[in-house]
Amino acid sequence: MTDRAAPVIGTRPVRHDGVDKVTGRASYGADLAMPDMLHGAVLRSPHAHARILSIDTRAAEAMPGVKAVITAADIPECFATVAMGELPMDMHDGSDNVIARTKVLYHGHVVAAVAATTVDAASEAARRIEVVYDKLKPVLGIDEAIAPDAPILHAGLTAGDWAGQAAGRPTNVASRMELKRGDLAQGFAAADTIVEHEFRTTMVHQGYIEPHACLARYGQDGRVSVWTSTQGPFLVRDQCAAILDIDAAKIKVTPSEIGGGFGGKIVVYLEPLAIALSRKANRPVKMVMSRDEVFRASGPTSGTVIRMKMGATRDGTLVAASASLWYEAGAYRGSPAGAGAMCCLASYKIPNFLIEAYDVVVNKPKVAAYRAPGSPMSTFATESLVDELARTLGMDPIELRLKNAVAEGDKAPYGPAYGPIGLQDVLRAAQRHPHWKAPLGKNQGRGVACGFWFNGGMGSSASVTLGADGSAAVVTGNPDIGGTRVAQAMMVAEELGIPVERVRASVADTDTAGYTDLTGGSRVCYATGMAVIRAARDVRDQLRGRAAKIWDVPIDAVGWDAGRAVPPNGRGDREALTVADLAAQLPKTGGPIVGHAALYAPAAGPGFAAHICDLEVDPETGGSRVVRYTAFQDVGRAVHAGYVEGQMQGGVAQGVGWALNEEYIYADDGVMQNAGFLDYRMPVASDLPMIETVMIEVANPLHPYGVRGVGEVPIVPPLAAVANAMRDATGVRFTELPLSPPRVLNGLEKSSA
Amino acid sequence: MPIRYEAPESVAQAIGLMQADPSARIIAGGTDLLVRFRAGQERPSAFIDVKRIPELVRITVDDGGLHLGAAASAADICEHADVRRWWPGLVEAVHLIGSTQIQGRATVGGNLCNGSPAADATCALIVNQARCVIAGPGGERTIPVEEFCTGPGRTALARGEVLVEVRMPRPAPRTADAYLRLIPRTEMDIAVAGAAVSVTLDEAGTCTAARVAIGAVAPTALDVPDAAGALVGTTIDEAALERAAAAARAAARPIDDKRGPAAYRRTVVGVLTRRAAHIAATRARGL
Amino acid sequence: MSRLHIETTINGEPVEFLCEAQDSLLAALRDQAGLTGTKEGCTTGDCGACSVLLDGRLVPSCLVLAAEVQGRRVTTIEGIATGDRLHPLQQRFLEHAALQCGICTPGFIVAAKALLDANPHPTEEEARYWLAGNLCRCTGYDKIIRAVMAVAND
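Residue numbers (my numbering), protein chains in the order written: chain A, 356 to 1108; chain B, 1201 to 1487; chain C, 20 to 173.
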């Protein structure tokens, strides 16, 4: 093993869990089994909106192989909240979503669950449960939900004085928030050009390839073990504790490997059911969702209606913007409308604006986080209008953006001033890149768009242990979705000056890992990484202390350079001691060394990106294809360059799918018509070209290496980048997504008529 | 009653099993049947696996033309040197069915028996004058492929009958075909509209025979004699292409569904007919 | 019970298992043969996560009945490496960071092996169309295709 002197950060080592993943040995949620295990199946509502009048489980209970049947009656009504970072999570709704108590609020809403000796027996038994419903008219979109005679989902939800809803009366509009600055009327009065459109997007799904899966065991001692595919094991613990009224200290959650999350594996769906079934049956219970169930009954993101207006002076200065954002929350309140409001103008200095955001309940699955939740839809509106302004003013679209782009010291729309940020850098990089000037072929168009996401901080813990052979192990509680274990190993290697192959990075369970907030919010490399660095520095300082002991000098006299404790000047009789040297002497110098850190990271460095998309359109069929794509992003500091590029490319692909072909298609009865990968059309390998990535590093001063969250920003620009390319290729401005061939052909025919 | 699995080794055995139990289902590739089964849309009493019956999996070419076993996989068909040489348009169409994985399983027989109006193979079979050889308790019969599917999910098979093979004559000299379909992505989707065209040219480049079939725009794939008629006697110039497209549009009886609105399908089937005819003509001219 | 007794060869080894007539090969591999490397993403043949080779032919194991593999040869992801030597595809996937969550990776490697067996030097377009039946939601396919092309160009 060679000694390591060169920096590790920024290189591309093979990830430590990689061999397991390319050989099929890695264990995901559905790969786990236990002796004596039962299988759980769920009975789901056949109606999008109905009252539950009665549930008769006797026929199911009598079936061979059935060991337990549960309904909401087996679970106490929940009035708890769970801390999730800065926001509390209302578990009354969360609990009702897990299993319906009095009303079913979407097609697929859980009504009962069965545990039996085989999957087939459990499903067959679930079908024998008799439920009597009082069917109600479903509400399937924003327009329907806010209509004066709309059916009301929640009798207790009453309106404030907003947007035509009668204050104090039952409503489907759960909340309103507002951001404003300056004087809107004056702002628009000063504008030489004003553009305004109504934009529409549909519900879409994160599309992770691994369906939800878990295995729960309720022991006779009242201790619960849960293995599950999740982004947040501590959150699973706390949600299950709240929903089932079990002491959280009695629940241990072990995260399996996770086959994609993107925000959709934070809220619990199966785990409370599996635990309750296991408690009743006295045996472990495994539950796996089918793909159909994932689409119908997990947590997609909001469909939206967004009306936005922007004004500029003739030299391209943005002077005013107003927007009303209407986001579907699904069956219970809580859409990302607020985040959408905070993000949509975040890239620009606009002195006068008013953004209103409305959270609307509809009879669809409760929405969950999806990669930069709320931002892609509202940014679609902004970046489409900015594109229109550029055309109207005859300005280059990147020049117009540069003219108004925020920089350090400018105030974000939601209040604080930005620290060092890279928006102008990414825009200039885009402008200079050969893609921007490359000639376009027939029926091809080019669009540019930029985007923003705050990124998260929150709490993380880490511990780093030193082995007697000078190797190290780092342990955190963050499931590794995209390469964070290798990034953590690289940080430890960097801090201790040992080869990255000599560091093992593990993900531990909720009993053995220090508390950490979820894997999400683009926070693991940043915040958990910060804890890892601090823990590694703790080890390093302890090693200096051991060297001090060996040399009989004060610890302050011991230096550290590239993996060696260095003796004070003038002590030429002492050799520097490597980590391996010191590790070999641990027992003699004081025993084992473990470094710890637990911190609450300040809100992270915000991320900005700009994307250029070339689209080729078939004007006779409305079909289109992305033929070239370049993504520019301020990544702060790329720890593992390959996995940062991967985050950018993955976000682009999801955004392209959202723009072109992905949508939830509902029939009038509220039943989703395309709940499978055949007709929910995500991009396949032949749909996309190579996705070029350009990483710009504007160091985030909050982090020792300058790391900034990178995972979410890249899904924000593509919706408008694609729509702007479509405008360029066809001359038609499309304001409704997805740009499926029938919609595009219809738009082309209308515009030439 | 638990479901049975049977693997007959002769056509007679298969007929006997199907005749005895009308709730049994033949499984070839399973790419439609198993999807319906897992969705709870169908519950057969038995899966009758016909892939061990030689006549159903063989692919042979003789003076009579092509004998395509109903249960030969798309992958086997598309790799077969003689089929690629003499029926490239058919290979093109069959190759579009699903993904590479699906190709390893899907069969032309299954594609026909599933009775989907959007099946990719059917249009190409029609323009290649394919005929279906059916064996049953009453003996063997042969019908033109365009009569095989009688409606969405419905076929001309009677109780106890099994589709054994699909036969196609050798194409006449200077004959070429093409199949195009419209899908939103580049792969994996069910056709929103499809069109197959076969043309035969004489030495002067005039079209002496043609066939046009359109798919996904009616309860079954449709043979469109008017569209073919628009090409015959012409040099397949722009005007003829446009007339063929118009005839295809007129023959289409599409519905609105989650894969596309009716008006869109009608427009696009015209575009595809014109393009497929142009490609077929270009290919025929090069022969 | 009417379970079928199936004798087959998986990754070169003789294997026996019991199954119902309606069980898929995917379920038999995962639940009977203990080979959980092949993944379930959809059970409708649309995602490729369940890809295996059946007598060398790439198929979706969710749409093969377990009973059908009597007397046949199945190759799964567990049979791609040779002893402790990774297959070049596995090696290149690691070097190119061609996986993020890794759930689609077994299916891609089996499918890519089938590609290179049939066509040792595909173009990028040929590789993309061959692999169109394997969904990945994390990578945008870029690094996967680069890894496959790297092996093809070796």
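Virtual Cβ for every residue (Gly too), placed ideally from N, Cα, C.
Would you report the Cα separation of residue i and residue j, rounded to the nearest angstrom?
| i | j | result |
| --- | --- | --- |
| residue 515 (chain A) | residue 521 (chain A) | 7 Å |
| residue 359 (chain A) | residue 853 (chain A) | Caution applies to residue 359 (chain A), whose pLDDT of 46 falls short of 50 and renders its modelled position unreliable; the value that the coordinates give is listed next. C-alpha separation (whole angstroms): 6 Å. |
| residue 1432 (chain B) | residue 1347 (chain B) | 23 Å |
| residue 988 (chain A) | residue 920 (chain A) | 38 Å |
| residue 1301 (chain B) | residue 78 (chain C) | 4 Å |
| residue 733 (chain A) | residue 172 (chain C) | 44 Å |
| residue 711 (chain A) | residue 698 (chain A) | 13 Å |
| residue 588 (chain A) | residue 878 (chain A) | 15 Å |
| residue 105 (chain C) | residue 366 (chain A) | 23 Å |
| residue 549 (chain A) | residue 1093 (chain A) | 25 Å |
| residue 948 (chain A) | residue 913 (chain A) | 18 Å |
| residue 967 (chain A) | residue 1074 (chain A) | 11 Å |
| residue 718 (chain A) | residue 835 (chain A) | 33 Å |
| residue 616 (chain A) | residue 1002 (chain A) | 13 Å |
| residue 858 (chain A) | residue 827 (chain A) | 5 Å |
| residue 626 (chain A) | residue 486 (chain A) | 23 Å |
| residue 113 (chain C) | residue 422 (chain A) | 44 Å |
| residue 1333 (chain B) | residue 1340 (chain B) | 7 Å |
| residue 1217 (chain B) | residue 471 (chain A) | 34 Å |
| residue 493 (chain A) | residue 506 (chain A) | 7 Å |
| residue 356 (chain A) | residue 930 (chain A) | Here the model assigns residue 356 (chain A) a pLDDT of 33, short of 50, so the residue's position is not dependable, and the following value carries that caveat. Taking the straight line joining both Cα atoms gives about 20 Å. |
Residues bridged to residue i by DSSP?
| i | result |
| --- | --- |
| residue 582 (chain A) | A:570, A:609 |
| residue 951 (chain A) | A:818 |
| residue 28 (chain C) | C:33, C:92 |
| residue 489 (chain A) | A:406 |
| residue 807 (chain A) | A:963 |
| residue 915 (chain A) | A:920 |
Pick from the options: whose alpha carbon is nearest that of residue i?
| i | options | result |
| --- | --- | --- |
| residue 868 (chain A) | A:894, A:830, A:482 | A:830 |
| residue 162 (chain C) | A:998, A:856, A:416 | A:998 |
| residue 512 (chain A) | A:530, A:499, A:495, A:497 | A:530 |
| residue 1226 (chain B) | B:1204, B:1239, B:1469, B:1240 | B:1204 |
| residue 1061 (chain A) | A:993, A:1006, A:387, A:1047 | A:993 |
| residue 337 (chain A) | A:990, A:1085, A:471 | Chain A is shown from 356 up to 1108; residue 337 (chain A) falls before or after that span and cannot be answered. |
| residue 822 (chain A) | A:729, A:795, A:950 | A:950 |
| residue 676 (chain A) | A:838, A:685, A:708, A:648 | A:708 |
| residue 372 (chain A) | A:842, A:1044, A:960 | A:842 |
Grab the span of the beta strand (DSSP E) containing residue i for me, first residue to last.
| i | result |
| --- | --- |
| residue 530 (chain A) | 528 to 536 |
| residue 881 (chain A) | Counting along the chain, residue 881 (chain A) falls outside any beta strand (DSSP E), and DSSP gives it neither H nor E. |
| residue 921 (chain A) | 919 to 921 |
| residue 1289 (chain B) | Careful: residue 1289 (chain B) lies outside any beta strand (DSSP E), inside the alpha helix (DSSP H) at 1288 to 1295. |
| residue 1332 (chain B) | 1331 to 1336 |
| residue 389 (chain A) | That residue, residue 389 (chain A), is in no beta strand (DSSP E); it is neither H nor E in DSSP. |
What are the start and end residues of the alpha helix (DSSP H) that includes residue i?
| i | result |
| --- | --- |
| residue 998 (chain A) | 996 to 1015 |
| residue 593 (chain A) | 588 to 599 |
| residue 543 (chain A) | 539 to 544 |
| residue 747 (chain A) | 730 to 748 |
| residue 339 (chain A) | As shown, chain A starts at 356 and ends at 1108. That puts residue 339 (chain A) outside it, with no answer to give. |
Quiz prompt | chain B contacts made by the region 41 to 64 of chain C, where a contact means CB separation under 8 Å | solution = If the cut-off is 8 Å between Cβ atoms, the region 41 to 64 of chain C has 41, 43, 62, 63, 64 near chain B.
Quiz item: Using a Cβ cut-off of 7 Å, which residues of the region 1299 to 1327 of chain B contact any Cβ in chain C, in chain order?
Solution: So the close ones are 1299, 1300, 1301, 1302, 1304, 1305.
Quiz prompt | chain C contacts made by the region 370 to 392 of chain A, where a contact means CB separation under 9 Å | solution = Listed by position along the chain: 370, 372, 373, 374, 375, 376, 377, 378, 379, 380, 381, 382, 383, 385, 386, 387, 388.
Practice problem: Could you list the residues in the region 554 to 570 of chain A with a C-beta less than 8 Å from some C-beta on chain C, going in chain order? | Solution: If the cut-off is 8 Å between Cβ atoms, the region 554 to 570 of chain A has 561, 562, 563, 564, 565, 566 near chain C.
Quiz prompt | Within 8 Å of chain C by C-beta, residues of the region 869 to 894 of chain A in sequence order | solution = So the list is empty, because no residue satisfies the distance condition.
Quiz item: Which residues, in chain order, does the region 116 to 135 of chain C contribute to contact with chain A at a C-beta distance below 7 Å?
Solution: Per Cβ criterion, the list reads 116, 118, 119, 120, 121, 122, 123, 124, 125, 128.
Exercise. Can you give me, in chain order, the residues of the region 1037 to 1055 of chain A that have a beta carbon less than 9 Å from any beta carbon in chain C?
Key: Residues 1037, 1038, 1039, 1040, 1041, 1042, 1043, 1044, 1045, 1046, 1047, 1048.
Practice problem: With 8 Å as the C-beta to C-beta threshold (strictly closer), list the residues of the region 66 to 78 of chain C near chain A in chain order. | Solution: Of all residues in the region 66 to 78 of chain C, those with a C-beta nearer than 8 Å to a C-beta of chain A are 66, 68, reading in chain order.
Practice problem: Using a Cβ-Cβ cut-off of less than 9 Å, give me the residues of the region 1376 to 1397 of chain B that come near chain C, in sequence order. | Solution: Per Cβ criterion, the list reads 1385, 1386, 1387, 1388.
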